[in-house]
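Asker: Here it is, the structure in full.
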Amino acid sequence: MRQALIHPSAIVHPDARLAPDVTVGPWTLIGADVEVGAGTVIDSHVVIKGPTRIGEHNRFYPFSTIGEDTPDLKYDGEPTRLVIGNHNTIREGVTIHRGTVQDRSETTIGDHNLLMAYVHVGHDSVLGNHCILVNNTALAGHVHIGDWAILSGFTLVHQYCHIGAHSFTGMGTALGKDLPAYVMASGNPAAAKSINAEGLRRRGFSKDDIASIQRAFKVLYRRGYTMSEAMESLNDMAGDCEALQVMVESIQNSSRGIVR
């Protein structure tokens, strides 16, 4: 460990394992059983507790608290984990809790995610890749978020909710049910508004795929079908359209019912 990269006022447990080029700022605490990968920068006043595994080229801003015990009343000090991938940006005041033995015993953050100021990620949650959680978004325990999802500021997500890939929520959205892939929702309680067409265009989806997803949205939300009627129609439409199959699977895998 190259001590020159660790500020003298930082406290790093001797059992922590930091790559040689990790930077640790002043007044930061890194506890036992914490592993931090190459190229990661940890600013001042950050708390990281273990067991926590952090990949490469992450950035932690001041006053973030990473890998803390969950406040879940069922938690009784069992050894649970937090695993964070690569190239994530964790802004000021973010809190991420470890898992519980009642679920996966692990909270998981993927790669290339941006968690803006004061975001909270509850125990046993799973965050995919390339997601953006805007200021003050809060995930209860056991929440799963697919790749490229964007949750606008002050979005609240109920425990066990699943949020599909490429979905989008408006400011102040309260999600109590699952949000299918590609769908934009807003309000309290959340209601589906449209598909995330602009996001799909930016990510290289073809015009045909976007048109197919748009038609599927109308089947699901605009034609007055029951869920069974809508799903029968969507399964027929999906065919060889891989993009539409992602939407269908996100609905089929729902356990809480979907936002409608």
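Under our numbering, the first residue of the sequence shown carries the number 1, and numbering increases by one thereafter. Even for Gly, the Cβ is constructed at its ideal location relative to N, Cα and C.
1) Starting from H144, follow its DSSP beta bridges and name the residues at the other end.
2) Does DSSP put L73 in a helix, in a strand, or in coil?
3) I need the DSSP call for D236, collapsed to helix, strand or coil.
4) To the nearest angstrom, how far is it from the Cα of R260 to the Cα of R203?
5) Between which two residues does the alpha helix (DSSP H) holding R53 run?
6) For K49, does the count of other Cβ atoms within 10 angstroms reach 16, so buried, or fall short, so exposed?
7) Is I96 buried or exposed, if buried means 16 or more other CB atoms sit within 10 Å of its CB?
8) Would you tell me roughly how many angstroms separate the C-alpha atoms of M1 and Q245, rounded to the nearest one?
9) Keeping to the same chain, check which residues put their C-beta closer than 7 Å to that of A191; ignore five residues upstream and five downstream.
10) Decide if S228 is buried, meaning its Cβ has at least 16 other Cβ atoms within 10 Å, or exposed.
Answerer: By the coordinates alone:
1) Looking up residue 144 in the sequence shown gives position 144. Partner(s): V126, H162.
2) For the purposes of this step, residue 73 is taken as the residue at position 73 of the sequence shown. In the three-state reduction of the DSSP assignment, L73 falls in the coil class.
3) Position 236 of the sequence shown, counted from the start, is the residue given in the question as residue 236. If DSSP states are grouped into helix, strand and coil, D236 belongs with the helices.
4) Counting from one through the sequence shown, the residue named residue 260 turns up at place 260. Counting from one through the sequence shown, the residue named residue 203 turns up at place 203. Roughly 25 Å between the two C-alpha positions.
5) Indexing the sequence shown from 1 puts residue 53 at position 53. Careful: R53 lies outside any alpha helix (DSSP H), inside the beta strand (DSSP E) at 52-54.
6) Counted from its first residue, the sequence shown places residue 49 at position 49. Buried: at least 16 other Cβ atoms inside 10 Å.
7) On the sequence shown, position 96 is the one that residue 96 refers to. By the neighbour-count rule (16 or more Cβ atoms within 10 Å), I96 is buried.
8) Along the sequence shown, read from residue 1 onward, the residue named residue 1 stands at position 1. Along the sequence shown, read from residue 1 onward, the residue named residue 245 stands at position 245. Residue confidence for M1 is low, a pLDDT of 43 falling below 50, so the modelled location carries little weight and cannot support an answer.
9) To locate residue 191, count along the sequence shown from 1; it is residue 191. The answer, listed in chain order, is A185, V259.
10) If you number the sequence shown from 1, residue 228 lands on position 228. Exposed is the call here.
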